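Residue numbering for the sequence shown follows full-length UniProt numbering, starting at 1 and increasing by one per position. Where is the CB? At the ideal position from N, CA and C, for every residue including glycine. Owing to the predicted nature of the structure, the values given are computational and were not obtained by experimental measurement. Let me begin by presenting the structure, written as structure tokens, before commenting on it.
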Amino acid sequence: MIISESVAADELEIRLKKQTAELKKSNKWVSAEISESTQPEEDVLKSEEKFLILAENSPDVIVRFDRQNRHLYVNQVAADIYGYSQEEIKGKTHNELGSDPEKAKFWKEHNEKVFSTGKTETMEFDCILPQRKKYYFNILIIPEFVNDEVASVLTISRNVTDVKKTESTLKETLDNLEEMIKKRTEEIEKAYRSLKESEKCLAEAQKIAHLGSWNWNIVSNELYWSDEIYRIFGLSPQEFGATYDAFLSYVHPEDRDCVNNAVKGALEGKPYSIDHRIILKGGEERIVHEQGEVIFENGNVPVRMAGIVQDITERKKIEKALGMANAYNRSLIEVSLDPLVTIGPDGKITDVNRATEIVTGYFRSELIGTDFSDYFTEPEKAKEGYQYVFQKGLVRDYQLEIRHKHGHITPVLYNASIYRDENGRVTGVFAAARDITELKKAEEKIKALANAVESSNDAIITGTLDGTITSWNKGAEQIYGYLAEEVMGKNVSILEPDNLKGEIKQLFDKIKQGKKVKRYETLRLKKDGIAVNVSVTLSPIFDVSGNPVAFSGIARDITEKKITENLLHEKQMAEFANRTKSEFLANMSHELRTPLNSIIGFSDMLYEQAYGELNQKQLRAISNISNNGKHLLNLINGILDLSKIEANKMELDYKEFELASSLDLIRNILSPIADKKNIEIETGVDSSISKICADEDRFIRIMFNLVDNAIKFSFENSLVKIGTRKKGELVEITVEDTGIGIKTEDQNKLFKPFSQVNSFSSKKFQGTGLGLSLVKQIVNLHGGYVWFKCEQGKGSTFAFAIPITKG
1 MIISESVAAD ELEIRLKKQT AELKKSNKWV SAEISESTQP EEDVLKSEEK FLILAENSPD
61 VIVRFDRQNR HLYVNQVAAD IYGYSQEEIK GKTHNELGSD PEKAKFWKEH NEKVFSTGKT
121 ETMEFDCILP QRKKYYFNIL IIPEFVNDEV ASVLTISRNV TDVKKTESTL KETLDNLEEM
181 IKKRTEEIEK AYRSLKESEK CLAEAQKIAH LGSWNWNIVS NELYWSDEIY RIFGLSPQEF
241 GATYDAFLSY VHPEDRDCVN NAVKGALEGK PYSIDHRIIL KGGEERIVHE QGEVIFENGN
301 VPVRMAGIVQ DITERKKIEK ALGMANAYNR SLIEVSLDPL VTIGPDGKIT DVNRATEIVT
361 GYFRSELIGT DFSDYFTEPE KAKEGYQYVF QKGLVRDYQL EIRHKHGHIT PVLYNASIYR
421 DENGRVTGVF AAARDITELK KAEEKIKALA NAVESSNDAI ITGTLDGTIT SWNKGAEQIY
481 GYLAEEVMGK NVSILEPDNL KGEIKQLFDK IKQGKKVKRY ETLRLKKDGI AVNVSVTLSP
541 IFDVSGNPVA FSGIARDITE KKITENLLHE KQMAEFANRT KSEFLANMSH ELRTPLNSII
601 GFSDMLYEQA YGELNQKQLR AISNISNNGK HLLNLINGIL DLSKIEANKM ELDYKEFELA
661 SSLDLIRNIL SPIADKKNIE IETGVDSSIS KICADEDRFI RIMFNLVDNA IKFSFENSLV
721 KIGTRKKGEL VEITVEDTGI GIKTEDQNKL FKPFSQVNSF SSKKFQGTGL GLSLVKQIVN
781 LHGGYVWFKC EQGKGSTFAF AIPITKG
């Protein structure tokens, strides 16, 4: 019995020592891994970029200090433990971050030691961080040299809190080992005394189980439970005499048949190993693993059955939790919109998610076992990508194009990294693709927008809120004369004229408030010092939080627009003045015409000697009064008609009349004047035109002016021809003379009010200068047009065309 107790104690001690050795080995591996992560500068820090990648992906706390013990760099793990962001930590000492003064002093002393000795320092460190949690770290402080001098130190801290806890537990276990062995020995002695039947029975029980063991004497129907089984069933050790029926009463009702069948099978020589449920007195349900085997004697006579019972409730819970976790993780993988794939060292696909099936058009079963590179537009590039991951450990934003089995192309960015087995061996690559189709479209839009900006004739500028210029397009170069390199980084106020100082600041105050400035017309100064009229639109540029952080501005050169506006304004003012003049003349003409008619009427009566005889001298005077009165009346009538036309008050009285009759009337009226110069008036009427629809009085006025001018400027003993012809829907009428003609330089004066040509003979050929102007205006009112041709010394032809019918 003493020998058995010693063996049991020795086995327990061996197991504990083995666990201790494994923990020490684990601790040694942690230290070795820390050493590996702090290789000399030429291996680990070949480049700052590689350092940052390693540091940001390391599970260790990595911090760089300068000689003033300020943090030059912290990785994200360190930031999480400190409780601040990386940017908040950089440049601050431990004291400035609110660390415990003693701990801060501790760090400072060790860092200064490495700065002074230039040798790597190792230490252990424990602290309570802002989260009120206590942490233990194994720390390496590595000097970083620049020009053979320590410029900074790099600390790599591995969290060994769990290891410390394990070591503490192990120590406590070892401290209590003697007591545990003693207690276990007492239990074994008690079990041994209970199993008095024979040493063979004890040996068989120890062979079958080392947890809760039982022994059933089939012949006597006596059942022995070890103390552990009592505890599993929620009972005090040896609380009652166990029987098979008592055991069955604890088995879950739904599992009793399974247990009974297993026992029956054992009686037939079939050992069993089953899991089933038991229900304790308090109603708690637990799961046990049970093994049993029958001992036969005298051939096939079952005499005893022995076995073990192990409480596996917690293990089952863990297995279930793991199963749920695996299912949950798989569901996350499957619902991911990004194609996910795992690749073996041979480049074969080992697993995919649903998104990969969609983007390739193949089922999972079709993809697994095929070459990863076969599903891309550039297979070699895809192969180089995953081979690079196997060599370097990871790749970021690796651009590829996936080809769907029906030909559709999807541009993607791959992020990939290696994964290892429990022994640390690389077993494959995990790759995640991000569909960048929309990103590509956005890039195309941005490119198109950039091209539009560069090709725009408008000045397009961006800058900071203080006015510093950050972009300057070709349009800005054209408008302001500055090249982009001349203004980049300068303030936009260089464009502000002296007389508008402060205007740009007022506009930027609005931008800072998030407001827009639309089509603000102002002056800006070009490089050559000349002011240019521009229309400016300014808009704030917001960050993701909706705060204005910059501005964009568009300026359009409106110099031509301003000139046009000024000309239009001047034209409108001139037209207004002209209308005012016309209205004034129209009113005055009415006031003058009334007394003038009286003067002409009484003069004609005096000339006809209605009031008595007059001598020749008196008659000549009266004749002059009458002629000049009529000339003045004709001038006033012309002014009145012109004023009406300019004031849009002249209305035409359309009616149908004989064209030939109207021309005959003109010839009859003007024949006495023509006869004085022995000028013949000849008319020729197109036979296809008999009547026209127009304002007959105004038509006669047109013809009177044209024929009167022809007679006035024709030589004696000459001919004036009046001709008509049909021209489509118009009637064209010409008046041709063989007079003095018109100089080329004077021809632009024709049809202008109060303008006369042949000024050298103006005294000989009296006129108002309104005749041709009225002709043109009246013809235009009829919807027609006027033209002429002439040659000095050979005569002139004036013509007009108006519609034959109204409308």
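ask   = Going along the chain, which residues of its own chain have a beta-carbon closer than 6 Å to the beta-carbon of I702, five neighbours each way excluded?
value = On the sequence shown, residue 702 is found 702 positions in, with the first residue counted as 1. Listed in chain order, the non-local C-beta contacts of I702 below 6 Å within the same chain comprise V775, I778, local neighbours out to five positions each way being set aside.
task = Could you please give the first and the last residue of the uninterrupted beta strand (DSSP E) stretch that includes R403?
result = Locating residue 403 in the sequence shown gives position 403, counting from the first residue. Segment 394-403, the beta strand (DSSP E) holding R403.
query = To which residues does DSSP link T155 through a beta bridge?
reply = On the sequence shown, position 155 is the one that residue 155 refers to. In DSSP, T155 forms a bridge with V63, I141.
inquiry  = What does the alpha-carbon distance come out to for the pair residue 811 and T594?
reply    = In the structure as shown, the chain begins at 1 and stops at 807. Residue 811 is therefore absent and cannot be evaluated.
query = Does the Cβ of T738 have 16 or more other Cβ atoms within 10 Å, making it buried, or fewer, making it exposed?
reply = By 1-based counting over the sequence shown, the position of residue 738 is 738. Classification for T738: buried.
key: H276, DSSP secondary structure in three states   = On the sequence shown, position 276 is the one that residue 276 refers to. Residue state, collapsed to three classes: strand.
Straight-line gap, N69 to F115 (C-alpha atoms, nearest Å) = Here residue 69 refers to the residue found at position 69 of the sequence shown. Here residue 115 refers to the residue found at position 115 of the sequence shown. Distance from the CA of N69 to the CA of F115, rounded to the nearest whole angstrom, comes to 11 Å.
task = Decide yes or no for the touch test of the region 660-676 against the region 791-801: beta carbon pairs closer than 8 Å, at least 3 of them.
result = no
Cross-strand partners of V685 (DSSP beta bridge) = Taking the sequence shown and counting its residues from 1, the one referred to as residue 685 is at position 685. According to DSSP, which records beta bridges pairwise, V685 is partnered with nothing at all.
key: the ligand ZN heavy atom lying under 7 Å from the CB of S365   = This structure lacks the ligand ZN, and indeed carries no ligand of any kind.
query = Can you list, in chain order, the residues of its chain whose CB lies under 7 Å from that of T350, leaving out five sequence neighbours each side?
reply = In the sequence shown, the residue the question calls residue 350 occupies position 350. Cβ neighbours of T350 beyond the five flanking positions: T342, I343, G344, I368, G428.
ask   = In this structure, what does DSSP give as the bridge partners for W107?
value = As a position in the sequence shown, residue 107 is number 107, starting the count at 1. Beta-bridge pairing links W107 to no other residue.
request  = For I563, count neighbouring C-beta atoms within 10 Å of its own C-beta (all shown protein chains included) and say buried if the count is 16 or more, exposed if not.
outcome  = To locate residue 563, count along the sequence shown from 1; it is residue 563. Classification for I563: exposed.
ask   = For V335, which option in S226, N627, N353, K348 has the closest C-alpha, if you only look at C-alpha atoms?
value = The residue labelled residue 335 in the question sits at position 335 within the sequence shown. With distances taken between Cα atoms, V335 lies closest to N353.
ask   = Which of the three DSSP states, helix, strand or coil, is assigned to T805?
value = Translated into the one-based positions of the sequence shown, residue 805 becomes position 805. Look at T805 here: in three-state DSSP terms it is coil, with no helix or strand label.
task = Pull up the CB-CB distance for Y480 and K526, whole angstroms please, since I reckon it's below 8 Å.
result = The sequence position of residue 480 within the sequence shown is 480, counting from 1. The sequence position of residue 526 within the sequence shown is 526, counting from 1. Yes, they are in contact, since the Cβ atoms of Y480 and K526 sit about 5 Å apart, within 8 Å.
query = Among Y520, K516, I530, which has the Cα closest to the Cα of F542?
reply = As a working note, residue 542 is residue 542 in the sequence shown. Closest option to F542, Cα to Cα, is K516.
query = Between which two residues does the beta strand (DSSP E) harbouring M305 extend?
reply = Numbered from 1 along the sequence shown, position 305 holds the residue referred to as residue 305. M305 -> beta strand (DSSP E) spans 301-311.
query = The alpha helix (DSSP H) spanning T464 covers which residue range?
reply = Position 464 of the sequence shown, counting from 1, holds the residue named residue 464. Segment 459-464 is the beta strand (DSSP E) holding T464; no alpha helix (DSSP H) there.
request  = Could you tell me the distance, in whole angstroms, from the CA atom of T377 to the CA atom of R330?
outcome  = Numbered from its first residue, the sequence shown carries residue 377 at position 377. Numbered from its first residue, the sequence shown carries residue 330 at position 330. Roughly 29 Å separates the two Cα atoms.
ask   = CA-CA distance, Q387 and E380?
value = By 1-based counting over the sequence shown, the position of residue 387 is 387. By 1-based counting over the sequence shown, the position of residue 380 is 380. If you take the alpha carbons of Q387 and E380, they lie about 10 Å apart.
ask   = Which residues in the same chain have their Cβ closer than 7 Å to the Cβ of E696, if we skip the five residues on either side of it in sequence?
value = On the sequence shown, residue 696 is found 696 positions in, with the first residue counted as 1. Setting aside the 5 residues that flank it on each side, E696 is surrounded in the same chain by K655, F657, S662, each with a C-beta closer than 7 Å to its C-beta; the list follows chain order.
ask   = I think A432 touches D371, with their Cβ atoms under 8 Å apart; what is that distance to the nearest whole Å?
value = Position 432 of the sequence shown, counted from the start, is the residue given in the question as residue 432. Position 371 of the sequence shown, counted from the start, is the residue given in the question as residue 371. That pair is no contact at about 19 Å.
Residue burial classification, I34 (beta-carbon count within 10 angstroms, cutoff 16) = Taking the sequence shown and counting its residues from 1, the one referred to as residue 34 is at position 34. In this predicted model, I34 has a pLDDT of only 38, less than 50, meaning its place in the structure is not dependable enough to derive any value.
task = Pick out the complete beta strand (DSSP E) segments inside the UniProt domain "PAS" (325-380), 3 residues or longer, and give them in chain order.
result = 340-343, 349-352
Coarse secondary structure for D737, derived from DSSP in three states = On the sequence shown, residue 737 is found 737 positions in, with the first residue counted as 1. For D737, the secondary structure class from DSSP, reduced to helix, strand or coil, is coil.
request  = Please determine if the region 164-177 and the region 143-153 are in contact, where contact requires at least 3 C-beta pairs separated by less than 8 Å.
outcome  = no
query = What's the call for A242, buried or exposed, on a 16-neighbour Cβ count within 10 Å?
reply = As a working note, residue 242 is residue 242 in the sequence shown. By the 16-neighbour rule on beta-carbons within 10 angstroms, A242 is buried.
request  = Note down, in chain order, each residue of its chain lying with its Cβ closer than 6 Å to the Cβ of L606, except the 5 sequence neighbours on either side.
outcome  = Counting from 1 along the sequence shown, the entry for residue 606 is found at position 606. Taken in chain order, the residues that qualify are I622.
task = Give the DSSP bridge partners of V429, in chain order.
result = Stepping through the sequence shown from its first residue, residue 429 is reached at position 429. Answer by DSSP bridge pairing, in chain order: I343, I418.
task = Measure the beta-carbon distance from K316 to I287 and round it to whole angstroms, keeping in mind my assumption that it falls under 8 Å.
result = Within the sequence shown, the letter at position 316 stands for residue 316. Within the sequence shown, the letter at position 287 stands for residue 287. About 5 Å separates the two Cβ atoms, so the contact holds.
request  = Grab me the residues of S373's own chain with a C-beta within less than 6 Å of its C-beta, minus the 5 sequence neighbours each way, in chain order.
outcome  = Within the sequence shown, numbered from 1, the residue matching residue 373 stands at position 373. Around S373: P379, A382, K383.
inquiry  = Taking the alpha helix (DSSP H) that V251 belongs to, which residues open and close that run?
reply    = For the purposes of this step, residue 251 is taken as residue 251 along the sequence shown, with counting starting at 1. Here V251 belongs to no alpha helix (DSSP H), and DSSP marks it neither H nor E.
inquiry  = Here's the rule: buried if 16 or more other CB atoms are within 10 angstroms of the residue's CB, otherwise exposed. What is D708?
reply    = Along the sequence shown, one-based indexing puts residue 708 at 708. Burial call: buried.
message = When you compare the region 461-478 with the region 565-581, are there three or more beta-carbon pairs, one atom per stretch, that lie closer than 8 Å?
response = Contact check between the region 461-478 and the region 565-581: fewer than three CB pairs, one atom from each, fall below 8 Å, which does not count as touching.
request  = Along the alpha helix (DSSP H) that carries F715, what are the first and last residues, could you check?
outcome  = Position 715 of the sequence shown holds residue 715. It is not in any alpha helix (DSSP H) - F715 carries neither H nor E in the DSSP assignment.
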